[in-house]
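Residue numbers (my numbering): 11 to 171.
C-beta atoms are modelled at their ideal positions from N, C-alpha and C, and glycine is treated no differently.
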Amino acid sequence: KKNCYALQRAKEQGYKTVFINPKNRTKEQFDQKMAEILGKAGVDLIVIVGYMRILTRKFVGTFKNKIINVHPALIPKYCGKDFFGKNVHEAVLAAKEHETGMTIHYVEEGVDTGKIILQKKCPVLPNDTVETLKERVQTLEKKWYPEVIRRLATLSISKNT
């Protein structure tokens, strides 16, 4: 959305932002436009957070090993196209798992199939609800995703100097 929190926050931090209206565009056209803008900007890293669309094969191929995602489970469990949002935590609770966590991984053509960069675990408590479990996993995500981004950005800077 044009006035979403992520864009507002990025603008406040001084980042250049672009809104691409998905209306009247196919998925391929949308991803092509996004690839053009990101390519011209010379991005080294694309960070996915809460992006509920599956990227096209062409887009992922254009930015191979430059796209990362955070997933609210320990891949290979509870991942793939049907496991997003509360579905993940509901499945973890239904399976009576004793632990869960989050996975930061590279994005490739398959959904949640890219090379794992980092996984962190947390317990599933006996009286957990979807919300309490989600909060615990998000605490891990908020701690570790920025750290992984910093490390990858540092690697990218050292490669380019």
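{"query": "Can you grab the Cα-Cα spacing for the pair K33 / K12, in whole Å?", "result": "12 Å"}
{"query": "Counting C-beta neighbours from all protein chains within 10 Å, is the total for G24 16 or more, i.e. buried, or is it exposed?", "result": "exposed"}
{"query": "Should F120 be labelled buried (16 or more other beta-carbon atoms within 10 Å of its own) or exposed?", "result": "A quick correction: the sequence has Gly, not Phe, at residue 120. Burial call: exposed."}
{"query": "Are D54 and K21 close, meaning C-beta to C-beta below 8 Å?", "result": "no"}
{"query": "Give every residue of the same chain whose Cβ lies closer than 6 Å to the Cβ of I58, excluding the five residues on either side of it in the sequence, and list them in chain order.", "result": "N79"}
{"query": "Which residue from G111, D41, L103 puts its Cα closest to that of N137?", "result": "L103"}
{"query": "Quick check on DSSP: helix, strand or coil for I64?", "result": "coil"}
{"query": "Does the beta-carbon of M62, which I'm using as the reference point, lie nearer than 7 Å to any heavy atom of the ligand MN?", "result": "No copy of the ligand MN appears in this structure; indeed no ligand is present at all."}
{"query": "Where do the N-terminal and C-terminal ends of the beta strand (DSSP E) with V102 fall, by residue?", "result": "From DSSP, V102 is part of no beta strand (DSSP E) but of the alpha helix (DSSP H) over 96-104."}
{"query": "Can you list, in chain order, the residues of its chain with a C-beta nearer than 8 Å to that of V45? Leave out the 5 residues immediately preceding and following it.", "result": "Checking the displayed sequence, the identity of residue 45 turns out to be Ala instead of Val. Around A45: K68, F69, T72, F73."}
{"query": "Comparing the C-beta of K21 with each C-beta of chain C, is any distance below 8 Å?", "result": "Considering every chain present, this structure includes no chain C. It has just one protein chain."}
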